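Accompanying notes for the structure given below.
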Ligand code: ADP
Ligand code: MG
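Residue numbers (my numbering): 68 to 345.
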């Protein structure tokens with residue numbers, strides 16, 4: 068069974084009002100446990116709306132979202148859905164609820180009725196996962212953006228979700244903060260076999276995923292292997308999306324008649340293709 072199954076999902080804001088907006092217009096896809104998916108798409112394509120539907124913060128206008136076999140509209144089981152899919156949003160400042168870091172991280176599991184002793188262990192574990200153990204008794208205010216976002220991720224990890232959805236979780240961070248957060252996510256994936264759905268504007272981040280799903284005006288326009296999706300500069304452009312820089316360089320060189328071979332997404336692939344030129 069897929070950990071997430073989305074079928075014919077339609078979501079409308081202000082349904083049946085004058086200002087109705089169809090944000091998601093008939094999506095179907097499955098997510099298998101352990102997958103690392105990059106969800107990309109230009110502004111307004113429906114990514115954040117989808118993130119909220121995946122853990123039952125919103126209900127479909129029609130179609131279904133099933134999480135570990137549970138329909139997200141099944142109210143008595145909504146806690147099971149929330150425990151299975153954790154979402155980290157863009158702005159870490161809006162996600163901090165307590166003035167002491169350990170209380171902030173304990174908030175999610177407390178709400179889900181986890182016993183106090185276990186909460187304590189989870190706080191330890193979650194802080195260790197994001198490399199912030201020494202900040203347990205500290206306050207979030209003095210932290211850098213990258214550190215705050217790591218705390219926000221720890222707060223979601225403390226719920227022990229099987230799927231973590233990151234909605235542009237690195238977009239407010241400087242390059243160092245971005246790298247910190249991405250390294251944390253990759254570490255967790257390796258150790259915990261967590262399923263990751265990463266919503267991102269940054270093609271280089273998307274290149275770290277195994278699979279890319281691209282949205283355009285509420286529809287899925289691409290759902291395939293990340294490498295082939297991200298090497299196809301023209302197709303990405305058609306949906307208002309950028310390819311990673313090495314892919315764009317390869318594209319421009321080829322346009323100028325330089326016959327580079329292979330699918331090029333990463334720096335090392337670009338370098339190798341250049342070395343192989345005769
Ligand atoms: P993305 O995250 O890809 O930028 P969103 O999911 O935020 O896209 O938005 C998808 C569409 O839904 C856009 O057309 C947006 O204007 C609209 N939308 C988002 N939030 C609301 C809202 N609260 N009320 C009405 N329309 C909204
Ligand atoms: Mg968004």
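Ideal Cβ placement from N, Cα and C applies to all residues, glycine included. As the structure is a prediction and not an experimental result, all values here were calculated from the model.
Can you tell me the Cα-Cα spacing of residue 208 and residue 218, whole angstroms? Rounded to the nearest angstrom, the two C-alpha atoms are 11 Å apart.
Tell me whether residue 325 counts as near ligand 2, meaning its Cβ is closer than 8 Å to at least one heavy atom of that ligand. Because no heavy atom of ligand 2 lies under 8 Å away, the Cβ of residue 325 does not count as near it: no.
Which residues in the same chain have their Cβ closer than 6 Å to the Cβ of residue 115, if we skip the five residues on either side of it in sequence? Closer than 6 Å at Cβ, skipping near neighbours: 234.
Is residue 88 near ligand 1, with its Cβ less than 8 Å from a heavy atom? Of the heavy atoms belonging to ligand 1, at least one sits nearer than 8 Å to the Cβ of residue 88.
What does DSSP give as the partner residue(s) for residue 215 in the beta ladder? Paired residues: none, contrary to the question.
As a quick exercise: from 191, 249, 146, 192, pick the residue whose alpha carbon is nearest that of residue 377. With the chain represented from 68 up to 345, any question about residue 377 goes unanswered, as that position is not in the structure.
Residue 185 by DSSP, collapsed to three states: which one? Note: residue 185 maps to helix in three-state DSSP.
Within 10 angstroms of the Cβ of residue 325, are there 16 or more other Cβ atoms? Answer buried if so, exposed if not. Counting C-beta atoms within 10 angstroms of its own C-beta, residue 325 has fewer than 16 neighbours from the protein chains shown and is therefore classed as exposed.
Where does residue 254 fall in DSSP's three states? Shown here, residue 254 sits in a helix according to DSSP, grouped into three states.
Reduced DSSP category for residue 204 - H, G, I as helix; E, B as strand; rest coil: In the three-state reduction of the DSSP assignment, residue 204 falls in the coil class.
Would residue 223 and residue 133 qualify as a contact pair, given that the criterion is a beta-carbon distance under 9 Å? With respect to the 9 Å criterion, residue 223 and residue 133 are not classified as neighbours on the basis of their beta carbons.
8 Å contact criterion, which residue 124 and residue 232 should meet: CB distance rounded: Their Cβ separation, rounded to whole angstroms, is 11 Å, which puts residue 124 and residue 232 out of contact at 8 Å.
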